[in-house]
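Residue numbers (the numbering used here): 4 to 485.
C-beta atoms are modelled at their ideal positions from N, C-alpha and C, and glycine is treated no differently.
Being a predicted model, the structure only gives us computed values, none of them experimental.
Report on the following structure.
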Amino acid sequence: MVEPLPSVVIVGRPNVGKSTLFNRLTGTRRSIVTDEPGITRDRIYGTAEWRGRAFEVVDTGGIVPEEKAEIPREVLRQAEMAIAAATQLVLVVDARAGLTPLDAELARRLRRTGRPLVVAANKVDHAGQEGLAAPFHALGVPVFPISAEHGLGVDALLDAITERFPVAAATEAAEAVVNIAIIGRPNVGKSTLLNRLVGAERAIVSAEPGTTRDAVDTVVVRGQRRYRFIDTAGIRRKAKTKLLAERLSVMMARRHLERADVALLVADAAQGVTSQDAAIAGYAEQSGCSVILVLNKWDLALEQARQARAADSGRAPRSQDVEEAELLEEYTRLVRAKLKFLDYAPVVFVSARTGERVSRLYPLIDEVAEARRRRIPTAELNRWLREVDLERGSAPAGRAAKILYMTQASVAPPVFVLFASRAGTRRAGTAASGAGRLHFSFARFLENRLRERFPFPGTPIRFLLRTRPPRTRRESRGRQPR
């Protein structure tokens, strides 16, 4: 069984610098930092290492215990769930603002949990300001004056919170984890799907588009496998993004695609694939991430389609199972027509709200993750290459290269290198060459034939071309036998 890392949970009232401390500890900019209070709404997960001890860091939203509005109330619930699983609690306060009643109330609540607790008195930007932390000793727990922005005092804080953690490198803890980005435009059900997949209310679920503004990670352990889900904010076009935090979320979502192994691209089955869905799919394909197309709200789409069929009096009645199978086939064709460049990606229709068909996702994720790391022996590749009718895939007129052999250079995603000799005229078995790339039509032909023999479900394939000019007669005469 995979042992979880110790969990350090950062809590505090809004806008005291929790996200800045999170970024400092994890060495990332995963949590959004602006002057707008309440910018972190969900739990944000990261991994850190200090003096050979790896641990998990959790950033929570700003807590206001008596707040009645929907989002702050949900923020409190999310923080309470993180606190319940914490190994160490860090209460962040604003040393410049002094001890507030809300700080005291939060400290009282945290002490009642029985979890180890320290206070990080933030915004102490130089040694001469350390006296600003003095009032917080009244809370009855260890106090560390720090500057999360500049790093002052963070070493002492880390020494205190990690001294009882086991020695384990972060690289060891990260092994065998499948990183999964949940992407899609706002309000298609990404957070609901995440909750269904992990079996807990991890991300805030609300009818407000863009509720999830940070990338919200959680690790799920199933048997001997670990899955890290990254619930990104809905990727929006820049022209429609007004708040700074929302613009940052768009940029971060695209960045998370590059650190993910598999992307669950979520679309609304009731609405069909939109142009914005296609644009997001393009980001995923370009990143080299493997893709599974998840059409959510299938229960609504199915009901709408059945009502439309019932209104058509000329249609013979069908059993519900037959009708659903027909509709699945019809909807799949529509998805494929809109996303032709992702014809290798599995399509699954689910209802995150009811849980219908969601169980199909984990086996698909396993299959796609394994295909992503598949390596084909060079001898087997070249046996296949000799069997392919390359003439059918010859490129349009232009400079050409005769393919000699190929090999797989890397995995995740699979990259294949074709070695060729440059020819003066195009002929059968050649592909237009230049800048190390195959002509698009030839690459597409070759990819289709390769996938027929060696399945790579959900995984993009890359080709590189290596060419050399033909030898001159003088070069040939000048070669000495060995």
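For this session: For residue 27, collect the residues of the same chain with a Cβ closer than 7 Å to its Cβ; drop the 5 residues on either side in sequence, then sort them by chain order.
Result: Locating residue 27 in the sequence shown gives position 24, where the first residue counts as 1. Within the same chain, residue 27 has close Cβ partners 151, 154, 157.
Problem set entry | Below-8 Å beta-carbon distance, residue 8 vs any chain B residue | Absent from the structure is chain B; it holds one protein chain and no more.
For this session: With a threshold of 16 other CB atoms inside 10 Å of the CB of residue 198, please say whether the residue is buried or exposed.
Result: Residue mapping note: residue 198 aligns to position 195 of the sequence shown, counting from 1. Burial call: buried.
Problem set entry | Segments assigned alpha helix (DSSP H), at least 4 residues, entirely inside the stretch 261–336 | 278–290, 301–314
Exercise. What alpha helix (DSSP H) runs, 4 residues minimum, are completely inside the stretch 123–196?
Worked result: 157–165, 173–176
Problem set entry | Residue range of the unbroken beta strand (DSSP E) whose run includes residue 50 | Locating residue 50 in the sequence shown gives position 47, where the first residue counts as 1. 47–53 is the extent of the beta strand (DSSP E) around residue 50.
Exercise. Roughly how many angstroms lie between the CA atoms of residue 8 and residue 192, to the nearest whole one?
Worked result: Walking along the sequence shown from the start, residue 8 turns up at place 5. Walking along the sequence shown from the start, residue 192 turns up at place 189. Approximately 29 Å between the Cα atoms of the pair.
Exercise. Buried or exposed: which applies to residue 300, given that a residue is buried once 16 or more other Cβ atoms fall within 10 Å of its Cβ?
Worked result: To locate residue 300, count along the sequence shown from 1; it is residue 297. The residue is buried, with at least 16 neighbouring Cβ atoms inside 10 Å.
Exercise. Taking the C-alpha atoms as reference points, what is the distance between residue 268 and residue 274?
Worked result: As a first step, residue 268 is located in the sequence shown; it is residue number 265 there, counting from the start. As a first step, residue 274 is located in the sequence shown; it is residue number 271 there, counting from the start. Going from the Cα of residue 268 to the Cα of residue 274 covers about 15 Å.
Exercise. What did DSSP end up calling residue 467 once you bin it into helix, strand or coil?
Worked result: By one-based count along the sequence shown, residue 467 stands at place 464. Residue 467 falls in the strand class under three-state DSSP.
Problem set entry | Whole-angstrom distance between residue 60 and residue 12, CA atom to CA atom | Stepping through the sequence shown from its first residue, residue 12 is reached at position 9. Stepping through the sequence shown from its first residue, residue 60 is reached at position 57. If I take the Cα positions, the gap works out to 6 Å.
For this session: Indicate whether residue 195 and residue 356 have their beta-carbon atoms separated by less than 8 Å.
Result: Taking the sequence shown and counting its residues from 1, the one referred to as residue 195 is at position 192. Taking the sequence shown and counting its residues from 1, the one referred to as residue 356 is at position 353. Yes, the pair counts as a contact, with Cβ atoms nearer than the cut-off.
For this session: Note down the Cα distance separating residue 177 from residue 109, rounded to an integer number of angstroms.
Result: The residue given as residue 177 occupies position 174 in the sequence shown. The residue given as residue 109 occupies position 106 in the sequence shown. Because the pLDDT at residue 177 is just 49, under 50, the model does not fix this residue reliably, and the point stays unresolved.
Exercise. Would you call the stretch 335–347 and the stretch 277–287 touching, i.e. three or more CB-CB distances under 8 Å?
Worked result: yes
Exercise. Does the distance from the C-beta atom of residue 265 to that of residue 186 stay below 8 Å?
Worked result: Residue numbering aside, residue 265 sits at position 262 when the sequence shown is read from its first letter. Residue numbering aside, residue 186 sits at position 183 when the sequence shown is read from its first letter. For residue 265 and residue 186, no; Cβs fall outside 8 Å.
For this session: Give the DSSP-derived three-state secondary structure of residue 25 in the structure shown.
Result: Locating residue 25 in the sequence shown gives position 22, counting from the first residue. Residue state, collapsed to three classes: helix.
Exercise. Secondary structure at residue 249, three-state DSSP: helix, strand or coil?
Worked result: Against the sequence shown, residue 249 aligns to sequence position 246. Only weak support exists for where residue 249 lies, its pLDDT of 47 falling under 50; the value from the coordinates is given anyway. Residue 249 falls in the helix class under three-state DSSP.
Exercise. CA-CA distance, residue 302 and residue 330?
Worked result: Counting from one through the sequence shown, the residue named residue 302 turns up at place 299. Counting from one through the sequence shown, the residue named residue 330 turns up at place 327. Using only the alpha carbons, I get a separation of about 12 Å.
Problem set entry | Cβ neighbours of residue 85 in the same chain (closer than 7 Å, five flanking residues each side left out) | Position 82 of the sequence shown, counted from the start, is the residue given in the question as residue 85. Counting only Cβ-Cβ distances below 7 Å, and skipping sequence neighbours, we find 12, 46, 61, 63.
Problem set entry | Rounded distance between the beta-carbons of residue 18 and residue 49, thought under 8 Å | Numbered from its first residue, the sequence shown carries residue 49 at position 46. Numbered from its first residue, the sequence shown carries residue 18 at position 15. Rounded, the Cβ-Cβ distance is 20 Å, inconsistent with contact.
For this session: State the start and end residues of the unbroken alpha helix (DSSP H) segment that holds residue 56.
Result: The count along the sequence shown starts at 1 and reaches residue 56 at position 53. First-last for residue 56: 56–62, but that is the beta strand (DSSP E), not the alpha helix (DSSP H).
Problem set entry | Local conformation of residue 85 per DSSP, three classes | Taking the sequence shown and counting its residues from 1, the one referred to as residue 85 is at position 82. Three-state result, residue 85: helix.
Problem set entry | Residue from 298, 180, 129, 257 whose Cα sits closest to the Cα of residue 228 | The count along the sequence shown starts at 1 and reaches residue 228 at position 225. For the residues 298, 180, 129, 257, the minimum Cα distance to residue 228 belongs to 180.
For this session: Determine the DSSP secondary structure at residue 98, reduced to helix, strand or coil.
Result: On the sequence shown, position 95 is the one that residue 98 refers to. Residue 98: coil per DSSP, three-state reduction.
For this session: Evaluate residue 52 with the Cβ neighbour count: other Cβ atoms within 10 Å of its Cβ, from every protein chain shown; 16 or more gives buried, anything less gives exposed.
Result: On the sequence shown, position 49 is the one that residue 52 refers to. Buried is the call here.
Exercise. What are the boundary residues of the alpha helix (DSSP H) that includes residue 448?
Worked result: As a position in the sequence shown, residue 448 is number 445, starting the count at 1. 443–456 is the extent of the alpha helix (DSSP H) around residue 448.
Problem set entry | Three-state secondary structure (DSSP) of residue 365 | Here the question's residue 365 lines up with position 362 in the sequence shown. Residue 365 falls in the helix class under three-state DSSP.
Exercise. Distance, Cα to Cα, residue 296 vs residue 392?
Worked result: In the sequence shown, residue 296 corresponds to position 293, counting from 1. In the sequence shown, residue 392 corresponds to position 389, counting from 1. Answer to the nearest angstrom: the Cα atoms are 32 Å apart.
For this session: Might you give, ordered along the chain, the residues of its own chain that have their beta carbon closer than 6 Å to the beta carbon of residue 41, omitting 5 neighbours on each side?
Result: Counting from 1 along the sequence shown, the entry for residue 41 is found at position 38. Per-residue confidence for residue 41 stands at a pLDDT of 49, beneath the threshold of 50, marking its modelled position as unreliable; the derived number appears in the next sentence. If the five residues before and after residue 41 are omitted, its C-beta is found closer than 6 Å to the C-beta atoms of 17, 65, all from its own chain and listed in chain order.
Exercise. What residues match up with residue 92 in a beta bridge as DSSP calls it?
Worked result: Against the sequence shown, residue 92 aligns to sequence position 89. DSSP, once it has assigned bridges, lists 12, 120 as partnering residue 92.
Exercise. Would the stretch 454–463 and the stretch 358–376 be scored as touching if the rule is three or more Cβ pairs under 8 Å?
Worked result: yes
Exercise. Name the DSSP beta bridge partners of residue 421, please?
Worked result: The sequence position of residue 421 within the sequence shown is 418, counting from 1. Checking the DSSP bridge columns, you'll see residue 421 partnered with 409, 468.
For this session: Pick helix, strand or coil for residue 20, following the three-state DSSP scheme.
Result: Residue 20 sits at position 17 when you count from the first residue of the sequence shown. If DSSP states are grouped into helix, strand and coil, residue 20 belongs with coil.
For this session: Please report how far the alpha carbon of residue 333 lies from the alpha carbon of residue 201, in whole angstroms.
Result: Translated into positions along the sequence shown, residue 333 becomes position 330. Translated into positions along the sequence shown, residue 201 becomes position 198. Approximately 30 Å, taken between the alpha carbons.
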